[in-house]
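Here is the structure we will look at, set down as structure tokens.
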Amino acid sequence: DSGVTQTPKHLITATGQRVTLRCSPRSGDLSVYWYQQSLDQGLQFLIQYYNGEERAKGNILERFSAQQFPDLHSELNLSSLELGDSALYFCASSVDRPGGSGELFFGEGSRLTVL
Amino acid sequence: AQSVTQLGSHVSVSEGALVLLRCNYSSSVPPYLFWYVQYPNQGLQLLLKYTSAATLVKGINGFEAEFKKSETSFHLTKPSAHMSDAAEYFCAVTSNTGNQFYFGTGTSLTVIP
Chain A
1 DSGVTQTPKH LITATGQRVT LRCSPRSGDL SVYWYQQSLD QGLQFLIQYY
51 NGEERAKGNI LERFSAQQFP DLHSELNLSS LELGDSALYF CASSVDRPGG
101 SGELFFGEGS RLTVL
Chain B
1 AQSVTQLGSH VSVSEGALVL LRCNYSSSVP PYLFWYVQYP NQGLQLLLKY
51 TSAATLVKGI NGFEAEFKKS ETSFHLTKPS AHMSDAAEYF CAVTSNTGNQ
101 FYFGTGTSLT VIP
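Order-wise, the sequence lines are chains A and B. Residue numbering for the first sequence follows our numbering, starting at 1 and increasing by one per position. Residue numbering for the second sequence follows our numbering, starting at 1 and increasing by one per position.
Here you go:
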């Protein structure tokens, strides 16, 4: 158990719909990262938040957005869903401060299927 | 920005044989290097990490990796493969600030009985 919790584990929805994926980081971790994993694209970095603020942005579509709340949990919002958005979405957290161990701890992922 | 190259998207070894998974990073020395493993339908788990304390890093499940600055490599090895080692393996590096992570495209390891 990494200590990172993601919900829901599985989600099936239709094209054009909107979904929200939730992530609770490990206790004490200030950084949250979102990744998308699909068969053809591999593991793609989407976005990172640190203590409530966006820190880095990767290959995140404009239809996608994220935020990190004061209690440090994060949500990834996916809208106007397309078939190609079907993927496994991972959240990871890290300590990300001086003296921290530096590694990412991954949740078990949310598998999104768009029909 | 840092980058990571994993040579060989698929590697097959016989049970009991040496496992060698290759990883090369871009030229500037990153603060941290990692190997992660992903079993089917699971998240990524840390196998080992390099933090400049020692060039040979030992991880879980008998895996180890050696940091070679001259070759910009961080290859993962295990002397004797076990069936349970079948999984996807990812090499990753951090940015110079240590707060951004760059993953390789992964290597799928198959262990043949």
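Glycine residues also receive a C-beta, built at the ideal position from the N, C-alpha and C atoms.
Next on the checklist: Quick check: what's the CA-CA separation for Asp71(A) versus His75(B)?
Outcome noted: Per the coordinates, the alpha-carbon of Asp71(A) lies some 38 Å from the alpha-carbon of His75(B).
Checklist entry - Going along chain A, which residues have a C-beta under 9 Å from Asn96(B)? => result Within 9 Å Cβ-Cβ: nothing; Asn96(B) doesn't reach chain A, min ~12 Å.
Checklist entry - Got a sec? Which residues, its chain only, sit under 8 Å from Leu11(A) by beta carbon, not counting five neighbours each side? => result Val19, Leu21, Ser110, Arg111, Leu112, Thr113
Checklist entry - Which runs of the beta strand (DSSP E) fall wholly inside the segment 7–32 of chain A and span at least 3 residues, in chain order? => result 10–13, 19–24
Next on the checklist: Would you say Phe67(B) lies against chain A (beta-carbon separation less than 8 Å)?
Outcome noted: no
Next on the checklist: Cβ closer than 7 Å: which chain B residues qualify as neighbours of Gly42(A)?
Outcome noted: Thr105, Gly106
Item to check | Top-ranked residue by Cα proximity to Leu43(A), from Gly98(B), Ala92(B), Leu109(B) | outcome: Ala92(B)
Checklist entry - Contact check, Ser27(A) vs Gln48(A) under 8 Å by CB: the rounded distance? => result With a Cβ gap of about 19 Å, Ser27(A) and Gln48(A) do not count as contacting.
Checklist entry - What residues in the segment 40–69 of chain B bring their beta carbon closer than 9 Å to a beta carbon of chain A? => result Asn41, Gln42, Gly43, Leu44, Gln45, Leu46, Lys49, Thr51
Item to check | Straight-line Cα distance separating Phe63(B) from Ser26(B) | outcome: 23 Å
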